[in-house]
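Residue numbers (this note's numbering), protein chains in the order written: chain A, 1 to 351; chain B, 352 to 702; chain C, 703 to 1053. Just so you know, even glycine gets a beta-carbon here, dropped at the ideal spot from N, CA and C. First the structure, in the form of C-alpha cells, and then the observations on it.
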Amino acid sequence: MALSFTLAEIAARLGGEVRGDGTVRICGIGTLEHARPDQISFLTNSKYRSQLAGTQAGALILGEPDAEATSLPRLIVRNPYACFARVSALLNPLPEAAPGIHPAAVVADSARVDATASIAATAVVGAGAVIGAHSVIGEGCSIGENVVIGRNARLYPRVVVYHDCVIGDNLIAHSGVVIGSDGFGIAMDEGRWIKIQQIGRVVIGNDVEIGANTTIDRGALDDTVIEDGVKLDNQIQIAHNVRIGAHTAIAGCVGIAGSATIGKYCQIGGSAGILGHLQIADHTVISSFTLINKSIREPGNYTAIYPFSAMDDWRRNAVHLRHLDEMARRLKHLEKELQSLKQEPSKGENT
Amino acid sequence: MALSFTLAEIAARLGGEVRGDGTVRICGIGTLEHARPDQISFLTNSKYRSQLAGTQAGALILGEPDAEATSLPRLIVRNPYACFARVSALLNPLPEAAPGIHPAAVVADSARVDATASIAATAVVGAGAVIGAHSVIGEGCSIGENVVIGRNARLYPRVVVYHDCVIGDNLIAHSGVVIGSDGFGIAMDEGRWIKIQQIGRVVIGNDVEIGANTTIDRGALDDTVIEDGVKLDNQIQIAHNVRIGAHTAIAGCVGIAGSATIGKYCQIGGSAGILGHLQIADHTVISSFTLINKSIREPGNYTAIYPFSAMDDWRRNAVHLRHLDEMARRLKHLEKELQSLKQEPSKGENT
Amino acid sequence: MALSFTLAEIAARLGGEVRGDGTVRICGIGTLEHARPDQISFLTNSKYRSQLAGTQAGALILGEPDAEATSLPRLIVRNPYACFARVSALLNPLPEAAPGIHPAAVVADSARVDATASIAATAVVGAGAVIGAHSVIGEGCSIGENVVIGRNARLYPRVVVYHDCVIGDNLIAHSGVVIGSDGFGIAMDEGRWIKIQQIGRVVIGNDVEIGANTTIDRGALDDTVIEDGVKLDNQIQIAHNVRIGAHTAIAGCVGIAGSATIGKYCQIGGSAGILGHLQIADHTVISSFTLINKSIREPGNYTAIYPFSAMDDWRRNAVHLRHLDEMARRLKHLEKELQSLKQEPSKGENT
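Below you can see the structure in the form of C-alpha cells.
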C-alpha cells in the first residue's frame, strides 16, 4: 500500500509516452469517478471522453486519439486497458506468502515441495505430489497423490486437485475449485447404472486462471486438457475429455459437456452451454445464455437469446411458439390461394 | 427438541388471537398432512382450506378469513406464513455453539475474536481479522487477513472470506460460500490475456443469508456491495462491482455479471441471468431462466421462458425461429397484394 | 496398475463369449484410437464399426452384431458398454484407504466410526455421527452431528454433510458437495424477510453418486429424498423437499426447485431446470437447457431449446418474437379476407 511511483517511473517500467508533469507521484489506481489526486485513472474508450472533465485523478492512461483531451499529466499508450492492468499489478503486488510448510499442514513424506513454496495451515499434500518453486497452497487445499504443480502457482483456500493431475506454471485457482473429479460416466444395465471408472487425468497448461467453485472433471480414458492461457470465471463446469484451446476466456456458470473441443481464442458468455462431442472453431464468440447444440466450423458471433418482455406481453406471444409450423403452413397456403386468385380472377364468378 | 409451549404461551410471545383451547401443548410444527397432535400446522392460502379437514395437528395458525374453517385450537394472525416462520424459530432454536477457539483451529495472534464467539476445529482466522460477539465460524472456514465480521454471524463449515472484506451483523453463510474471490478482469494484449488486479472488497450489510456454494467476487477497483436483508439461495454467482439492493431475494443458480445494479425488494427466479452494467429498478420481479440483457426502469414482472414441448412438436416448430423475419416479410407482402386485389378487382381480368 | 488378466479370465469373471485368442494378456482399457496392444477396447455402436480397422488394441469388447467385424481376440457380450464399465472397474480398482482415524482428524467422542472405516487428516466428525464399514471420509470433510452414513461410502475431500442427514450404502460424493444446507425458505413481513427454520433432513438411499460442488438442501418440515441408484453430475442444485426417484440420472448444472417430485428412471440434460411443486413422470427425458414449468404426466422426450444462429440472423429474427401475437392475428385476418374475396369476387367491382 505504501508503494508509489512517479508517472515518469511508470513509463520507464511499462512503456508509453509521458505528457505533462512526469514527476506527479502515484500510489494507486481508481475509476475516473472515484480516483484521488494521488491515483492514476484511465480511459479505454474515446466514447466516454467527456468523463475526463470531472475527474480528480492525478494522472491518466490514455490512447493516442485522446492524448490531448485533458491537460492532466498522462501516459499515452497503444493499449490503455492493458496498460491499466499492468499499472495496477505494479501498484498492488500480491502479498508474499512465507515459504515453508505450516506446522498445521499435512504433507506426505514422499511429496516433493520446493523450498520456496508455501503450504498453509490445514492444507494436505499427498504421496508423490510435486509442488514447484514459489507456489502457494492455501488453507484447506487438498493436493492428491502424484499431482504435479508447476512454479508460481497460487491456490486459494479449499482448492482440491485429485490424484495424478498435472498443472503448469502460474496457475491461479480460486477457492472451491475442484480439478480431477470423476466425469459423469455411467452405463445402464438391467435397470441399474454401472459406474465407468474415470482413469484419465486433467492436464492444465501454463498461465491458466480458474474462478471460484469451478469444476473440471478428469477424463474417462484419455485426459481432459486445458491449454495455455485459458481464463475461466466462477462456477463453470467442464466435463470429462473436454479440450479448451489456448487463450480462450469463459465467463461464469458455463457448462461444457463431455468430449467437446473448444478452439483457441474463443470467448464464451455467462451461463452458455456446449453439448458433448462438438467442435468449436478458433476465435468463435458465443453469447450468454446460448446453448450450442451443433459444431461451429466458422468463427463468428453466435447467439440464442430469447428476448425478455413484460409478463403480459410474453403470455400473449409465447403461446404461438408451439404453433409456428401451423402458422408457416397457413402462410404458404394463403400465398398459393392468392396466386391462383390473381391468375384466375374470374373463376370465383363462375361458381 | 424437548421445548414446548401452550398455544396461549405462543400467542403471548408472538401475538395473535387464540380461539379454542389455549392450553393445548405444542412441541413442533408440521405440514397439514404430516403434523401430529403435539404439533401446530398452518394454512397460508384460503384456496387450500379443504385440507384442514383431515389434519391430525393439535393446533393451527390461520388468517382471519379462515378463522372459523376449523374447530381445532387456533391462532388467528394477520400474516400466517410469517407467524409460522416465527413459531418454527421459537420451537427449533439453533443449537448454541460453545464459545471459544477450538484447539485445532488456527487463529493469528493479531486477530480479534470476541470472547463469546466460537471458532471450530480446522477453521483458520488470518492476521488482523475481527470476529464479533456470538459469531460462529464453522469447521474448515478460512477468514482472510483484515476481514471484519459483525455480531451473531453463523458461517457453516468451509466458507471462505478473502482478505479485507467487511460483513455486518447476523450473516448466515452456508457451506462452500466464497466471498471476495477475484472478479473476472482480463485485458487482451498481443495475443495474451493480462490479469487486472482486483483490489476492491466485498461489503455485506446486516441480516444477509447466503446459500451453499454461492460465490461473490470482490470489486475490481471499487467494492461489490450486498445491502441489508438480501437473501441469496445456493450456487448464485455475483460478479465484481455488482450492487444488490436491500431486501432483494434471489433463487438458486442465478448469474449476475459485472457492475450490474439490482434494486431493492427485487425477486429473481432460479437460473436467471443479468448482464453486466445494467440497472434493475426496485421491486422488479424476474422469472426463472430469463436473461435480462437491457436495463429495467419500471418495476413489474419480466420473463423470457421458451415454452417446452414434446420433442417431435419442438422439431416441427423451432425450425421456423430462424425464418421469422422471412415469414414477417411474406405476411406483409400478402397484405399488400390482397389490398391491391381488393382495390383493383378487375385488373386480373384484363391480363 | 500392475493388475492384468487374460481375455479368458475376464470372460470367466464377467461373462461373455471369447472368440480368437483367449490367452492375450490385458492390463488396461483404451479408446479404439489410443489403446495399446496390452489394452482392451470396445465398440458400443455398430455405426462406428469402420473404426475397428485401425485400432492397436490387443482385444475388443463387441456386441453380437459386430462379432465378426474383426479378427482380433474379442469378448462378445449382450451389452458392450456395460461390459466395458465392468472391465474398467476390474482393471482399475480404487486404491484402498488405510482404515482408522488420522491423528489430524477431529472425531467427537460420541461418534461411532466402524473400525474398517477411514477418516482422513483434517476431517471432522460430529457428536453422535455413525460411519459404516469400509467407508472413507476424505480430507477436510465435515460430518455433522447425528449424521448416519452406511457402508462403503467414499467422500472425496471437502464434502459437508449437515446434522441429522441419513445416507445409505455405497455413496460416492465428490469434492465440494454440500448435503443438508438450509432450504431457501423466507416469509415477507412488513418489509423484511423472516427466515423459516429448515428442520427436515436429507435422506439418501443406496448406490447414489453425487458430482463435485452439487448441493442438496434439507427439507423445510419434511425431508428431501434421493432414492436408490440416483446419479447426479456436478454443480446441480436440489432444493428443499425435492424427491428424486430411483435410478434417475441428472447431468451437470441442473436446478430443481422446492418440492418438485421427479420420477424413477428419468434423464435430465445439463443446465435444465424444474420449477417448484411439479411432478415429473417416471421415464421422462428432458433436454439440456430446458425449463419445465408445468408437470409432465406422460413419459417422453421434452425440450425447449432456442436454436442458436449467427448474431446477424438472430437480430433479424428474434425481434419478431415480441410480435408473434400480432402476426397470428394478421394471418387470421388475411385468411378471412381472402375467404370473403373468393366467395364474393364481384363485390369489389361494385364499389
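Name the DSSP bridge partner or partners of residue i?
i: R387/B; result: Looking at the DSSP assignment, R387/B forms no beta bridge with any residue, so it has no partner.
i: G58/A; result: G58/A pairs with nothing; no bridge assigned.
i: G624/B; result: G606/B, L642/B
i: I199/A; result: Its beta-bridge partners do not exist; DSSP assigns none.
i: G414/B; result: V428/B
i: G527/B; result: Answer is none; G527/B lacks a bridge partner.
i: E368/B; result: I427/B
i: S532/B; result: D568/B
Per DSSP, what kind of secondary structure is residue i in: helix, strand or coil?
i: Y653/B; result: strand
i: D937/C; result: Per the sequence shown, residue 937/C should be read as Gln rather than Asp. Q937/C falls in the coil class under three-state DSSP.
i: G1050/C; result: Residue confidence for G1050/C is low, a pLDDT of 45 falling below 50, so the modelled location carries little weight and cannot support an answer.
i: F786/C; result: helix
i: D676/B; result: helix
i: S309/A; result: strand
i: L3/A; result: coil
i: E711/C; result: helix
i: E560/B; result: strand
i: A249/A; result: strand
Are the CB atoms of residue j and residue i within a distance shorter than 9 Å?
i: A410/B; j: R387/B; result: no
i: R201/A; j: T215/A; result: no
i: I256/A; j: L642/B; result: no
i: C617/B; j: A590/B; result: no
i: I545/B; j: R86/A; result: yes
i: V125/A; j: A105/A; result: yes
i: V147/A; j: H163/A; result: yes
i: Q235/A; j: N794/C; result: no
i: V636/B; j: G651/B; result: yes
i: G963/C; j: L980/C; result: Rather than Gly, the amino acid found at residue 963/C in this sequence is Thr. Yes, Cβ-Cβ distance for T963/C and L980/C is below 9 Å.
i: A123/A; j: P99/A; result: no
i: S622/B; j: G975/C; result: yes
i: P508/B; j: G483/B; result: no
So, is residue i buried or exposed, given that buried needs 16 or more other C-beta atoms within 10 angstroms?
i: T351/A; result: Annotation note: pLDDT 41 at T351/A (below 50); position unreliable, coordinate value reported separately. Flag for T351/A reads exposed.
i: L43/A; result: buried
i: A53/A; result: exposed
i: P797/C; result: exposed
i: S691/B; result: exposed
i: M703/C; result: Model confidence at M703/C stands at a pLDDT of 48, short of 50, so the residue's coordinates are unreliable and nothing is read from them.
i: S748/C; result: exposed
i: R429/B; result: exposed
i: G366/B; result: exposed
i: E390/B; result: One detail in the question is off: residue 390/B reads as Gln in this sequence, not Glu. Under this definition Q390/B is a buried residue.
i: Q588/B; result: buried
i: T23/A; result: exposed
i: K996/C; result: exposed
i: H684/B; result: exposed
I want to verify the contact list: residues of chain C whose CB lies under 7 Å from the CB of residue i, in sequence order.
i: D584/B; result: F886
i: I210/A; result: Result: empty, since nearest Cβ-Cβ is about 13 Å, beyond 7 Å.
Mind pulling the chain A residues with CB within less than 8 Å of residue i?
i: P1001/C; result: Neighbours of P1001/C on chain A: none; closest Cβ ~15 Å, over 8 Å.
i: R681/B; result: L331, E335
i: R788/C; result: I194
Taking C-beta pairs closer than 8 Å, name the residues in chain B that residue i reaches, listed in chain order.
i: H247/A; result: G542, R543, W544
Mind listing the chain C neighbours of residue i? Cutoff is C-beta to C-beta under 8 Å, in chain order.
i: F640/B; result: G975, L993
i: V202/A; result: Residues of chain C passing the Cβ test: none, with the nearest at roughly 12 Å.
Which residues in chain C have a C-beta closer than 9 Å to the C-beta of residue i? List them in chain order.
i: D313/A; result: R1024, D1027
i: I199/A; result: G730, I731, S790, L793, N794
Can you pull the chain B neighbours of residue i, defined as C-beta to C-beta under 9 Å?
i: A959/C; result: A602, G603, G620, G621, S639
Residues of chain B with a CB under 7 Å from the CB of residue i: which are they?
i: S1011/C; result: R673
i: L1040/C; result: L689
i: H240/A; result: Chain B residues near H240/A: none, gap ~21 Å exceeds 7 Å.
Interface residues of chain D around residue i at Cβ under 7 Å?
i: E139/A; result: Going by chain labels, chain D is absent from the structure shown, which instead holds the protein chains A, B and C.
For residue i, go through chain A and note every residue whose CB falls closer than 7 Å to its CB, in chain order.
i: R667/B; result: D325
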